[in-house]
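What follows is a set of notes on a single structure, which appears directly below.
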Amino acid sequence: MGMDRDRRERESLPLRRVEFHILLSLAAGERHGYGIIQDIEARDEKAVPDVGTMYRALARMVENRLIEAAARRPAADAGDERRNYYRITDAGRRMARAEARRLEALTRAARIGGLLAKATK
Amino acid sequence: MRGDRLLDVSERWFRLLQRLYPADFRDEMGDAVVEAYRDRAREALNRGGIIRLAAVWVRALVDSLRNGPGERARPAASWRRRGNWGRDAELATRRLMRAPAFVVSTVATLGLGLGLSAVVYTVVQRVLIDPMPYRDPDDLYYVWRDYGAIADLKRGMLAGTDIVELQKAGGVIEQVVGLGRQLQTFAIGEGAEPIEIPVMFTSPGLFDLLGVAPAGRAFAADEEGPGASPVMVLTHELWNRLGADPEVIGRRVRLNNRPYQVIGVLPRGFVFARNESAGPPQRADAFIPFRVRLDEASPRDGSYAGLVRARRGTSPEQVAAAVEGVGRAVDRRDFDGRGLRLYPLGLKSDLVSGIRPALLALALGGVFLVLALLVNLASVLLARASQREQELAVSRALGASGAAIVRATLFEGALLGTGGGLAAALGAFWATRALLALAPLDLPRREAVVVDGRIAGVVIAAGTLIGLLAALAPATWAARASLSSLLASSAVRGGGGHGRLRRGMVVAQVAVSLVLLAAGGLVVRSFERLLRVDPGFRPEGILSFWVRMPPEFFPKIEDVIALQDRIEQELAALPGVSGASATSVLPLCPRPLPAFAAARAYQTTISFPGAPGNTGDADRDTPLADQIGARVTYLDVMGIRLLAGRPLDPARRDDVREALIDSALARQFFPTGSPLGAEVRIGDRTLTIVGVVRQARLYDIHQDGRPQIFVHADGYRPLAFVLRTGGDPRALIPDVRQAIRRIDPRLVAAEIRPMEELVDHSLRRQHISAVLLSAFALGALLLAAMGLYGVVAGAVMRRRHELALRLAVGADHRALLRLVLREGASLVTAGVLMGAPGIYFAGRVIRGVLLGVTPLDPLTLTSVAVGLGLVTMLACYVPARRVLGIDPAQLLRHE
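Listed in order, the protein sequences are those of chains A and B. Adding 1 to a residue's 1-based position in the first sequence gives its number in my numbering. The second sequence: position 453 = 439 (my numbering), numbered continuously.
Here it is as structure tokens:
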């Protein structure tokens, strides 16, 4: 089982950028779709995903059980209109962590290889 | 204010863009996407006004153009392309859950129709197919005597001597038991309240022959005959009724005031009934060994049924040869070789031969209904699939595999079918119980008719199969749906390839419902004729019951006569009773009660010495007649018609012996003159004919039975008393019980039933066939009407442009209506032509259950055709009226 899961995680990596962002946002708490976009904008990301791209990713990730739909409820930032909220699953959290480790390893390799400046302590 | 309007317009734009996404994504995410865009638009408007808003609009367009088709090509749920049964199921379920009305109506239709068929299936399976619950039931045979040579009796009881000869035969005949049956007065102990129970008299080997072991023990071989100690085995049912005493074995009970010892109780649910020479098999509550010596019985006294177990693996022909061999020996010895035959009939075929034609007709009806359901479900699924035509074509064009679409459609069908099957199994479970309450009392093996796990499984599996088969048509069609075919047929949207398929289905539905309607119509008509039949007496307001006046209590004939007088008097004096009388044989429940001691034979040969109708042929001149003992007021109370002469004389004189004969006898023997005053001989007695009556039918309500001769009931026992009242006969029951007990506490009023109930029972088989078959027929008609409605509605929709054009160039609405109706009518005509030969074959199948109606009864078939035409044309007309609403100007402007 465990091995199986590991393999599945490895095969799914790397995550798409938008997917990683979604997991990142949801790791901090439940969000609705536009909230996630705002999070990404706040992260100073240059290419903010389109709404359609976002929701296709959300749909895909629900299918793959990385995230799940939470209760629909009023959103404070949308004039209290009701919004669909999402939350991260354990699998999603594992996946995000695995992706972060992968990126970290790559970054480290890039530093060692001289592509990037050494991190300042 | 202006901002809000801009936001509303934006929202409309975003919603429009959603069209670029596939339907299921839209269903799931559409609202959220629009909301997100709305949030974004609001923010843009607040920050940068209309310019920024316009940028959001453009961005949304670009986004949707990219992601919409992208989602179609590679759906978020990629299994929609890759294929995965579990996910397909999930998709199908979800799609169904979004259409609860569709699911409920489909499952209900299927459940109802399949449930009806399941009830019939249950009965057929249990009654015709399942083996009898005895050891090696295929080796069991009933033996009957064909009196053909001397009397018109093909299926007669055996004499005790026949049983003994069969037992001596050996060879392939392994074991033989005789079976007699009588009502007896049973009391659980001295002084306990007596009850009347049917008791089976039998050879000791009965239980061994059937392969059943009573709790306690079975009869021993030496417990038969006059000298043996009296022992009794109870059915589980009687034991329960007596209070389920666990200490019952060994207990002394009384039967006809004689002590018997209970030695065993039969297992729960064990049922054994004696097949009768006429009428339904009869059960018993208790079994006792013969108290008489069978080999000393008169060879002419046919009182016993013979049950034979053949050696294992013996063919029916061998058994027949052996039994006929014994029959020839008996014929030579006892009947001077006049040609009386013995012949065996397999236990089960003997039991079900009467009900088989009706059940087969119903089974065929059930099969047809299932076919109609199948076609209906297929066309419903096809219609549903065609609503998604565009979506299907686009996803096909973008690479979704045909297999996935087929799978999803099949799954939807299977799911609906299984749901319908479940509903049907549940419904059948209750319906069979209701049916049994209604079923004719003579339905053989009625106790076995229950829906168990196996039958429910078959029904549910049938539902699933129907669903799968029905989904096959839309599935193959959907798999073929392609963008090019869609574009090609875009002018006739909603038409496409499935139109022809659906029209074909409607034709099939009309054909099926025509056949079912014809069959149902014939059976209903036959039943209706039956209802109007005159049984030869007036059953309304009559209460009947039996009183045994056993010789154990009343040894002298004079006492019996006095008792009869007294009972009749007391009954007539009851409040609300306008008349009371008694007979030895009640109409419609011929109970051959060949008593062992006193009573005279009930079927008897008679002759009319010197009558002009005698032919000289001895067999023809001595017909077998039903001899009915009647008290003088019997004709009057029962409403039996006296056609000539007078009733029996109330004065009882030893030298006066009177008889009434029925009109058939009068016609046969006195074709020209009057039979009144002529003589009739019954055995060694000569009686004078004083009247001619119309038969009060004993066997079938719709036709006369054997000739009847009425004589004084003096000394006959038991007697059936009849009371006439103006009110509800049932209201008299307590008074009757009380009156009988008051007259003599040892007497019991048994089998108290209103005469109308007996009439009702004799009609039940036809009644149920009529109800079930017409339900099948109406169900099929409804399905056909639904199919037609759908097709015509679809046609109007599909052709609305063409129709609008016709209007625009001058046609009026009525002409269009005719045009559309003509399409429906052509389908109906095709269906009728297809179904017409089916009527012929259906007629052959149901011929056995039709009474007084030919399978091609023109009146019935015409009304069926007219009814079918009316209903189907109505089903066309209602949707066709939509053409009246077509406004060419508006419709064509949209083009």
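Cβ coordinates follow ideal geometry from the N, Cα and C atoms, glycine included.
Buried or exposed: which applies to residue i, given that a residue is buried once 16 or more other Cβ atoms fall within 10 Å of its Cβ?
i	result
V19(A)	buried
R929(B)	Any answer about residue 929(B) is impossible in this case: the structure gives chain B only from -13 up to 881.
L51(B)	exposed
E105(A)	exposed
M218(B)	buried
L705(B)	buried
S189(B)	buried
R182(B)	The sequence given here places Glu at residue 182(B); Arg does not occur at that position. With 16 or more other Cβ atoms within 10 Å, it is buried.
G213(B)	exposed
Y35(A)	buried
Y826(B)	exposed
K334(B)	buried
W532(B)	buried
V(-5)(B)	exposed
S660(B)	exposed
N32(B)	exposed
G114(A)	exposed
R83(B)	Here residue 83(B) is Met; the residue named in the question, Arg, does not match the sequence. The residue is exposed, with fewer than 16 neighbouring Cβ atoms inside 10 Å.
G929(B)	Limits of chain B in this structure are -13 at one end and 881 at the other, which puts residue 929(B) out of reach.
G481(B)	Summary for G481(B): the model assigns pLDDT 46, below 50, so the residue's position carries little reliability; its value from the coordinates is reported in the next sentence. Result: buried.
P657(B)	exposed
R66(B)	Confidence in R66(B) is poor, its pLDDT being 48 and thus under 50, which makes the residue's placement too unreliable to answer from.
Give every residue of the same chain whose Cβ lies closer than 8 Å to the Cβ of residue i, excluding the five residues on either side of it in the sequence, and list them in chain order.
i	result
A30(B)	R38, L39, A41, V42
G871(B)	none
E209(B)	P190, S215, V217, P275
G142(B)	W130, R131, D132, Y133, S263, G288
To which residues of the same chain is residue i closer than 7 Å at the C-beta, ignoring the five residues directly before and after it?
i	result
A78(B)	A394, F397, E398, L401
T54(A)	V19
A259(B)	P267, Q268, R269
P200(B)	F193, V219, G250, V251, L252
A861(B)	A771, L774, Y775
Excluding the 5 residues preceding and the 5 following residue i in the sequence, name in chain order all residues of the same chain whose CB lies nearer than 6 Å to its CB.
i	result
R84(A)	H33, A76
A464(B)	A371, L378, I391, T395
V198(B)	F256
L909(B)	The requested residue 909(B) is not part of the displayed model; chain B covers only -13 to 881.
L139(B)	Y133, L610
L802(B)	L789, V869
R515(B)	G838
L574(B)	L744, S748
A409(B)	V93, G97
A566(B)	E554, L557, A558, L709
A477(B)	Confidence at A477(B) is low in this model, with a pLDDT of 40, below 50, so the placement of that residue is unreliable and no value is reported for it.
M4(A)	A caution first: M4(A) carries a pLDDT of 47, below 50, which makes its placement in the model too unreliable to give a value.
Which partner residues does residue i have in the DSSP bridge list?
i	result
G615(B)	V697(B)
Q170(B)	I183(B)
T404(B)	For T404(B), which the question treats as bridged, DSSP gives no partner whatsoever.
D648(B)	V679(B)
G838(B)	The partner list for G838(B) (beta bridge, DSSP) is empty, contrary to what the question assumes.
P707(B)	Sequence check: residue 707(B) is Phe here, not Pro. Answer is F531(B), A568(B), bridged to F707(B).
Does the beta-carbon of residue i, which I'm using as the reference point, lie nearer than 7 Å to any heavy atom of the ligand NAP?
i	result
A75(B)	With respect to the ligand NAP, the structure offers nothing, as it holds no ligand at all.
Which runs of the beta strand (DSSP E), 3 residues or longer, sit entirely within the segment 11 to 45 of chain A?
none
Taking contact to mean 3 or more Cβ pairs, one atom from each stretch, closer than 8 Å, check whether the segment 286 to 297 of chain B and the segment 101 to 109 of chain B are in contact.
The answer is no - the segment 101 to 109 of chain B does not touch the segment 286 to 297 of chain B, with fewer than three Cβ pairs under 8 Å.
What runs of the alpha helix (DSSP H), each 4 residues or longer, lie entirely inside the segment 719 to 779 of chain B?
719 to 729
Could you tell me which uninterrupted beta strand (DSSP E) segments, each at least 3 residues in length, are contained entirely in the segment 73 to 137 of chain B, listed from first to last along the chain?
126 to 132
For the structure I just gave you, are there three or more beta carbon pairs, one from the segment 720 to 727 of chain B and one from the segment 550 to 562 of chain B, closer than 8 Å?
yes
Between the segment 65 to 74 of chain A and the segment 87 to 99 of chain A, are three or more C-beta pairs nearer than 8 Å?
yes
Are the segment 218 to 228 of chain B and the segment 114 to 131 of chain B touching, with three or more C-beta to C-beta distances below 8 Å?
no
In chain order, which continuous runs of the alpha helix (DSSP H) of length 4 or greater are located wholly inside the segment 278 to 328 of chain B?
302 to 321
Three Cβ pairs or more, each shorter than 8 Å: is that satisfied between the segment 755 to 766 of chain B and the segment 347 to 366 of chain B?
yes
Using 8 Å as the cut-off, can you tell me whether the segment 503 to 519 of chain B makes contact with the segment 768 to 781 of chain B, which would need three or more C-beta pairs spanning the two stretches below that distance?
no
Can you list, in chain order, the stretches of the alpha helix (DSSP H) that have 4 or more residues and sit fully within the segment 796 to 875 of chain B?
799 to 832, 844 to 866
Are the segment 682 to 696 of chain B and the segment 536 to 543 of chain B touching by the rule of at least three beta carbon pairs closer than 8 Å?
In short, these stretches do not touch, since the Cβ pair count stays below three.
What are the complete alpha helix (DSSP H) segments, minimum 4 residues, inside the segment -1 to 71 of chain B?
Runs of the alpha helix (DSSP H) inside the segment -1 to 71 of chain B: 9 to 59, 65 to 68.
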